[in-house]
Amino acid sequence: MDADRHGVAEYVAEEIRTALLLEQVPATPVDRYLLPGPPVPVSASAGDGTAGFDGEHVRLEWNWKTEEAKAAAGTRVLALADIGSVEWHPAAGLENGYLRFHVRAAATKAPPKYDPNAVELYGFKKDPLMALVAAAVQARLPHPSAPAPADAPLRALGPGAQAAPPAESDHDALLRRLRELGELHRSGVLTDEEFTVAKQAVLKRL
């Protein structure tokens, strides 16, 4: 969506919040990804290479635009178990973007242009397709948040720790959302049409 359509972005965000509410996803940190990620195999070509993922391995292949030393290493194959995390940054303005796979026990500060575990992106229209590869891999990595023990004693939180406040009810959350939408509309962030559509979406849940 266009960068200046804040109302549309807010509407999309609200649809996500509503879906989380209906699925009874807690507001506290979760121990799993809420979406399965793009189906595999998935592949995209952009910038200085092609990134593909079959569910078990990431394959990076280089093209004629790849830096010589990086291309000399040949095709790179990374096992999912060896990947700690994924970074995807789209190109912005005059700055190139990149898709980087952080390999466990092989940290590097090399720019993506020279990193054999990264594809450098130049800002062409195909660059965003690399986000599909990034999401497919990330969704299949272990979730970074571990579940907190349900019976953990309060003292484990430290002296003076307070119990978490009771969760907001679904009804209260929706009423609060209506008030927020009204404020966005009055401030001009939401157009009349966007406000009407967003309000109707919330009212359907009451």
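Taking the working numbering, the leading residue of the sequence shown gets 217, the next gets one more, and so forth.
C-beta atoms are modelled at their ideal positions from N, C-alpha and C, and glycine is treated no differently.
Among the options, which residue has its Cα nearest to the Cα of residue i?
i: GLU272; options: ALA285, GLU311, TYR249 and PRO255; result: PRO255
i: GLU283; options: TYR330, ARG316 and SER261; result: TYR330
i: VAL353; options: VAL228, ASP270 and ARG320; result: ASP270
i: PHE317; options: GLY309, ARG292 and ALA307; result: ARG292
i: SER259; options: GLU396, ASN279, ALA350 and GLU410; result: ALA350
i: LEU294; options: ALA285, GLU277, HIS305 and ALA288; result: GLU277
i: GLY214; options: ALA322, VAL246 and HIS305; result: Coverage of the chain is limited to positions 217 through 422, which leaves residue 214 absent and any answer about it impossible.
i: ARG233; options: ARG392, THR407, THR412 and ALA308; result: ARG392
i: ALA287; options: VAL319, ARG248 and ALA334; result: ALA334
i: ALA308; options: PRO344, LEU357, LEU236 and ALA321; result: PRO344
i: THR412; options: TYR227, MET346 and PRO360; result: TYR227
Could you give the first and the last residue of the continuous alpha helix (DSSP H) run that contains residue i?
i: GLU284; result: 284-288
i: ALA355; result: Run containing ALA355: none; DSSP gives neither H nor E here.
Could you tell me which residues DSSP pairs with residue i in its beta bridges?
i: SER259; result: GLY268
i: HIS273; result: ALA295
i: GLY313; result: LEU337
i: GLU396; result: In DSSP, GLU396 forms no bridge with anything.
i: TRP157; result: Any question about residue 157 goes unanswered here, given that the chain covers just 217 to 422.
i: HIS318; result: SER301
Identify whether residue i lies in helix, strand or coil by the three-state DSSP scheme.
i: GLU239; result: coil
i: GLU384; result: For GLU384, the pLDDT reaches just 49, beneath the cut-off of 50, and the residue's location in the model is therefore unreliable, although a value from the coordinates is still provided. GLU384: coil per DSSP, three-state reduction.
i: ALA308; result: strand
i: TYR330; result: coil
i: ARG402; result: helix
i: SER228; result: The sequence given here has Val at residue 228, not Ser. If DSSP states are grouped into helix, strand and coil, VAL228 belongs with the helices.
i: GLY253; result: coil
i: VAL246; result: coil
i: LYS415; result: helix
i: THR234; result: helix
i: ALA323; result: coil
i: PRO360; result: coil
i: THR407; result: coil
i: HIS222; result: helix
Taking the beta strand (DSSP E) that residue i belongs to, which residues open and close that run?
i: ALA334; result: 334-337
Say yes only if the C-beta of residue i is nearer than 7 angstroms to one or more non-hydrogen atoms of the ligand NAP, and no if none qualify.
i: PHE317; result: Looking for the ligand NAP in the displayed structure turns up nothing, as the structure carries no ligands at all.
Quick one: is residue i near chain B, going by C-beta distance under 8 angstroms?
i: LYS286; result: Of the protein chains in the structure, only one exists, and it is not chain B.
For this session: Say whether the stretch 287-302 touches the stretch 241-257, bearing in mind that this needs 3 or more beta-carbon pairs closer than 8 angstroms, one atom from each stretch.
Result: no
Exercise. With a cut-off of 8 angstroms, do at least 3 Cβ pairs link the stretch 262-279 to the stretch 226-241?
Worked result: no
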